Structures are given as C-alpha cells and as structure tokens.
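Beneath this line is the structure, given in structure tokens, with notes to follow.
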Amino acid sequence: MPGPDRGNARLYPAARPLHRPRITPTVQQTARDVPRLSVVIVARNEERNLPRCLASVCGWTDEIIVALNGTTDGSEAVARGAAAAVHHLPWRGYRDTKNDALGLARNNWVLALDADEEVSPELRREITAFLAGGDRKHFSGVRFPRKVWFIDRWITHGDWYPDLSLRLFRRDRARWGGDAIVHEKIECDGPVATVRGDLHHYSFPDVAAHLAKITPFADLFVRQQREKGGGFGATAAVTRPLWRFFRAYVLRRGFLDGFPGLYIAVATAFGVFVRHTRLYETERGRAPDPGA
Numbered sequence: 002m003p004g005p006d007r008g009n010a011r012l013y014p015a016a017r018p019l020h021r022p023r024i025t026p027t028v029q030q031t032a033r034d035v036p037r038l039s040v041v042i043v044a045r046n047e048e049r050n051l052p053r054c055l056a057s058v059c060g061w062t063d064e065i066i067v068a069l070n071g072t073t074d075g076s077e078a079v080a081r082g083a084a085a086a087v088h089h090l091p092w093r094g095y096r097d098t099k100n101d102a103l104g105l106a107r108n109n110w111v112l113a114l115d116a117d118e119e120v121s122p123e124l125r126r127e128i129t130a131f132l133a134g135g136d137r138k139h140f141s142g143v144r145f146p147r148k149v150w151f152i153d154r155w156i157t158h159g160d161w162y163p164d165l166s167l168r169l170f171r172r173d174r175a176r177w178g179g180d181a182i183v184h185e186k187i188e189c190d191g192p193v194a195t196v197r198g199d200l201h202h203y204s205f206p207d208v209a210a211h212l213a214k215i216t217p218f219a220d221l222f223v224r225q226q227r228e229k230g231g232g233f234g235a236t237a238a239v240t241r242p243l244w245r246f247f248r249a250y251v252l253r254r255g256f257l258d259g260f261p262g263l264y265i266a267v268a269t270a271f272g273v274f275v276r277h278t279r280l281y282e283t284e285r286g287r288a289p290d291p292g293a
C-alpha cells in the first residue's frame, strides 16, 4: 500500500521550503549538454500495467530497462514490444533487487519506476527541463509528488498525497536503501531538488485489491519487527491506529477527498491494527487446549 515516503531527514528537512530548481537553458546548448536518461522498471506479472507505464517514457528517454522476477504472464512480450531491454533477475527483496536492476543501466541519470506508475505530461516536461538546465549540476536527485487514482478520483489529500518520491537521480550518488524487507527508499548523497509534476500511480484497480495488500504487509511488518528484536505492545496496538486515522483524515485533510478519503483513513488505521494483531498472534498464538 502506498504511503508517505518521507525519506531521509538529512535530505528533506521539515523547515525547508519547497524548492523548484531554476531552469536556465540557453540557445547555445546542444544535445551533448543534456545527459542521457535511463528508465529502470522492476516488475512481476505486470502485463496489464506495463503498456501504460512504458508509453509514458517512450520517445523521450534514451534507454528503458525492464527487470522481471518470477514472471509467468506476458510482461516480457509487452516490454520487448516497446523496445525495452528485458532482464530476468532473482528476487532478493525490494531493496536489493532494485539495486541489482540499477546496475543494468548504461547512463548515470536514472528514472526508477514501478510498473503501475505513469509519468504525467507535466512531470515529463519538468524532468526534461531539469535535465536541460544548468542547475542540474548542483543536484544529485529530484523528487516529485506521486498521485494515486482510487475508485473514482485522484487522491490529493491525506496520507496518500503528495507522497514526495525521489525517483530521478544520479546513479553514482544514490542507491536504494532503507529496510531490506519493505519500505525501501532512495538514499542520495547530495542536494535533492523538487519539481511539481505528478507521478501517476494506479496501485489499486478496486477496493478488493487494496484489502488484499493488508495481510501481506502485516506479515512483512511482523518479519521486520522480529528481525529488529521488537515485540507486541498493547499501547502501540491501540494508539497507533487511532493516530493514523486522525493524521490522515483531519490533519492532512483526507475529508476533502470525499468518501474515498474516509475509506483510506479507516483502512489505513485498520491495516496498522492488523499488523500489531499479527505480531501478538505470532508471539502468543497457540493451538486449542482440548482438556480445557
């Protein structure tokens, strides 16, 4: 499930205003001044989403790489039909598999996407302007908002927006970091610019698809906590869901997204509660006592 990718506090200080790089291309610039751009997509069984994703980057990027893992559908044929380079990689978790895919790119500037994402026309203009501008030399990466389509509208408030995502970066100054199990994020060595174009995200075709993610993410949470030595706490199990609802629906104005905004806030709180309940079950669950 998508959620805010706040990134490293060193990169995104709360007090820092939204920075929009000054784009200063000149008439003397030639194609040689603009760095070549590689697109890297990691996917598994995404033949339904890949056409939209690939169409949004074809024709203006210099290289498209699709790294497949355990794919059994027509994803490879779709990718090759878009003239993408296709590679098959073993699954080593989100972070490490995405780093393996980065190593396949020929160019230093990389745009990392998921198959269910789409570069909007506005974001395309922002990226091309940034790469053509002289100010790019002062930055190691670029972040931009990610906007989710859910049920009947674009979600523009709550925990799902703006979900600033660092996805355009210099490969020699950035790698996928964070937790090896879940919640991977780009860790960038150097200043990060922010542009305003949205990255479109079609993560949930229906409510059932969203509900189906709750249990797998709860299992990943349990695994993460056990590897860190964490355990169940009744206080966290009660207060964290309440806080997540209040933050999403009130503080971040999820109510402005209508009924879908209410659903997202409630489902987010419920998902957090399920995670802590799974942790309780893992630690204390036992078989029925027939003699009781």
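First residue of the sequence shown: 2, per the numbering used here; consecutive thereafter.
Yeah, the Cβ is synthetic: ideal placement off N, Cα and C, and Gly gets one too.
The structure displayed is predicted, hence computed values, not measured ones.
For residue i versus residue j, is the C-beta distance shorter than 7 Å?
i: Ala116; j: Cys59; result: no
i: Ile66; j: Leu105; result: yes
i: His89; j: Leu69; result: yes
i: Leu124; j: Leu200; result: yes
i: Asp153; j: Ala249; result: no
i: Ala113; j: Val193; result: no
i: Pro146; j: Leu165; result: yes
i: Leu132; j: Val267; result: no
i: Arg279; j: Val223; result: yes
i: Gly179; j: Glu185; result: yes
i: Val273; j: Arg253; result: no
i: Arg262; j: Cys189; result: Checking the sequence, you will find Gly at residue 262 rather than Arg. Not in contact: Gly262 and Cys189 (Cβ atoms no closer than 7 Å).
i: Arg176; j: Asn100; result: yes
i: His202; j: Val149; result: yes
i: Gly71; j: Arg45; result: yes
i: Pro121; j: Gly231; result: Looking at the sequence provided, one finds Ser at residue 121 rather than Pro. No. Outside cutoff.
i: His1; j: Ala238; result: The structure shown does not extend to residue 1, since the chain spans only 2 to 293, so no value can be given for it.
What are the start and end residues of the alpha helix (DSSP H) that includes residue i?
i: Arg53; result: Leu51 to Ala56
Contact check, residue i vs residue j under 8 Å by CB: the rounded distance?
i: Asp74; j: Ser39; result: The pair is not a contact, with the Cβ atoms about 24 Å apart (cut-off 8 Å).
i: Glu119; j: Ser204; result: Their Cβ separation, rounded to whole angstroms, is 11 Å, which puts Glu119 and Ser204 out of contact at 8 Å.
i: Glu284; j: Phe233; result: 5 Å
i: Leu243; j: Ala270; result: 7 Å
i: Asn108; j: Asp173; result: Wrong, their Cβ atoms sit about 11 Å apart, outside the cutoff.
i: Glu48; j: Val87; result: Incorrect: roughly 13 Å between the Cβ atoms, too far for contact.
Assuming residue i is part of the beta strand (DSSP E), what are its boundary residues?
i: Gly178; result: Ala175 to Gly179
i: Arg171; result: Ser166 to Arg171
i: Glu188; result: Glu185 to Cys189
i: Glu64; result: Glu64 to Leu69
Residues bridged to residue i by DSSP?
i: Leu38; result: Trp110
i: Val193; result: Gly142
i: Val43; result: Ala68 and Asp115
- Item | Length-filtered (3 minimum) beta strand (DSSP E) runs lying within the segment 79 to 160 | 86 to 89, 110 to 115, 118 to 120, 142 to 145, 147 to 151 and 154 to 156
- Query: Can you list the alpha helix (DSSP H) stretches of 4 or more residues lying completely in the segment 195 to 266, in chain order?
  - Reply: 208 to 213, 215 to 229 and 235 to 247
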